[in-house]
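*Asks:* Counting in the working numbering, the sequence shown runs from 829 upward without gaps.
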Amino acid sequence: MRTALDDILTSHRTGKSVVMGILNVTPDSFSDGGDFLDPADARRHAERMAADGADVIDVGAESTRPGSDRVDAAGQIARLRDVLPAVVACGVPVSIDTTRSEVAAFALDAGAQLINDVSAGRDDPELLALAAERQAGLVLMHMLARPKDMQADPRYDDVVGEVRAFLAERIEAAAAAGVDRGALIVDPGIGFGKRLEHNLALLASVGALASLGRPVLIGPSRKRFLGELTGRAEPRQRVVGTVAACLSARWRGATIFRVHDVSAVREALTVAEGIDASAEKKTPMID
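(1) Across the region 1011-1023 and the region 1064-1071, are there enough close Cβ pairs to call them in contact, namely three or more that are closer than 8 Å?
(2) Where does arginine 830 fall in DSSP's three states?
(3) Could you pull the start and end residues of the beta strand (DSSP E) that valine 884 belongs to?
(4) Short check: CB of alanine 957 to CB of glycine 1006, under 8 Å?
(5) Any idea if threonine 927 is buried or exposed, counting beta-carbon neighbours within 10 angstroms, 16 or more meaning buried?
(6) Give the range of the beta strand (DSSP E) segment to which serine 923 is assigned.
(7) For methionine 969, collect the residues of the same chain with a Cβ closer than 6 Å to its Cβ; drop the 5 residues on either side in sequence, then sort them by chain order.
(8) Can you tell me whether DSSP reads leucine 865 as helix, strand or coil?
(9) For a test of the three-state rule: what should DSSP assign to glycine 965, helix, strand or coil?
(10) According to the neighbour-count rule (16 or more other Cβ atoms, all chains shown, within 10 Å of its Cβ), is serine 929 buried or exposed?
(11) Using a Cβ-Cβ cutoff of less than 6 Å, which residues in the same chain neighbour asparagine 944 once the five nearest sequence positions on both sides are dropped?
(12) At what residues does the alpha helix (DSSP H) containing valine 991 begin and finish?
(13) Taking threonine 1098 as the reference, give the member of Ala1036, Gly881, Ile1046 and Pro953 with the closest Cα.
(14) Quick one: what does DSSP say phenylalanine 1053 is sitting in, helix, strand or coil?
(15) Considering only their Cβ atoms, is the gap separating valine 916 from valine 1127 smaller than 8 Å?
(16) Between glycine 843 and the rest of its own chain, which residues show a CB-CB distance below 6 Å, the 5 nearest in sequence each way excluded?
(17) For a minimum of 3 consecutive residues, which ranges assigned as the beta strand (DSSP E) are wholly contained in the region 1084-1114?
(18) State the DSSP-derived secondary structure class of valine 1034, mapped to helix, strand or coil.
(19) For alanine 906 and histidine 1088, what's the separation of their Cα atoms in angstroms?
(20) Do you know whose CA, among His873, Leu865 and Arg872, lies nearest serine 891's CA?
(21) How far does the alpha helix (DSSP H) with valine 1067 in it extend, from its first residue to its last?
(22) Skipping 5 residues on each side, what residues in its chain have a beta carbon closer than 6 Å to that of serine 1091?
(23) Report, in whole angstroms, the separation of the C-beta atoms of leucine 1040 and alanine 996, which I expect to be a contact under 8 Å.
(24) Just checking my contact of isoleucine 1084 with methionine 848 at CB under 8 Å: how many whole Å lie between their CB atoms?
(25) Could you pull the start and end residues of the beta strand (DSSP E) that aspartate 945 belongs to?
(26) Once DSSP output is grouped into helix, strand and coil, what is the label at isoleucine 1013?
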């Protein structure tokens, strides 16, 4: 049975693990830039991720890798125009990865149900009003600075406390704009203006973010900090590290996992859920 948007938005209560497959319609994303610019290639990849167990597909037309340049709304829409209808036709919920309200509106018109905003409504305040008006799901992510310079020299006194406070403030900003709190998801922004130690601290403290009362999305997929830990310089070789980060975050309360390698992560989560279900059913031994 396919996942519905409500299943995603209530995953923090049900404990359902949600796999969000990444589809970058960009020439310059850090791991798969240029792979899916052709609409036919994008459609095939979306179909493959759906078959591999993706519960939602996150489509983006602007890279947010460190050092990346901005793409205006018209440029994003041009990349998405022939891709989104085909992705929606795969039958799983579709998320649009953008900070621009014009792009989000275009995607919602095409059938997307969720907006994934790495700026948490700061780049374009109209995006919050749009999410409210269209009753769309909305991901609010923490990012220090902007993609162009976010990794220049990120510093925190208390990364977990500061990220949690930011997300709490953005929840209130979204609610003030009319967004239903039940439509919100929070994301600490792994790799977005964070050093290795910041990413590890956030992954170790997912529970502090889950205490905000909304589903926690974690996006560690193939990122640099995994290579720093494992010595894997090539992003595509960081699948095992990605799986480990997702499992660790799941045990601490995260329920949504944004990844490139859907099959591997889905399989690992299925095994973990099976073990947990068995533990819950186990009858205590009686002496």
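Note that the Cβ used here is the ideal one computed from N, Cα and C, for glycine as well. This one's a predicted model, so the numbers in the text were calculated from it and none came from an experiment.
*Replies:* On the basis of the coordinates in this document:
(1) no
(2) coil
(3) 884-888
(4) yes
(5) buried
(6) 922-925
(7) Val946, Ala948, Asp1015 and Gly1017
(8) coil
(9) strand
(10) buried
(11) Asp886, Ser923, Asp925 and Val967
(12) 987-1004
(13) Gly881
(14) helix
(15) As shown, the chain starts at 829 and ends at 1115. That puts residue 1127 outside it, with no answer to give.
(16) none
(17) 1084-1087
(18) helix
(19) 23 Å
(20) Leu865
(21) 1067-1079
(22) Asp880
(23) 6 Å
(24) 6 Å
(25) 942-945
(26) strand
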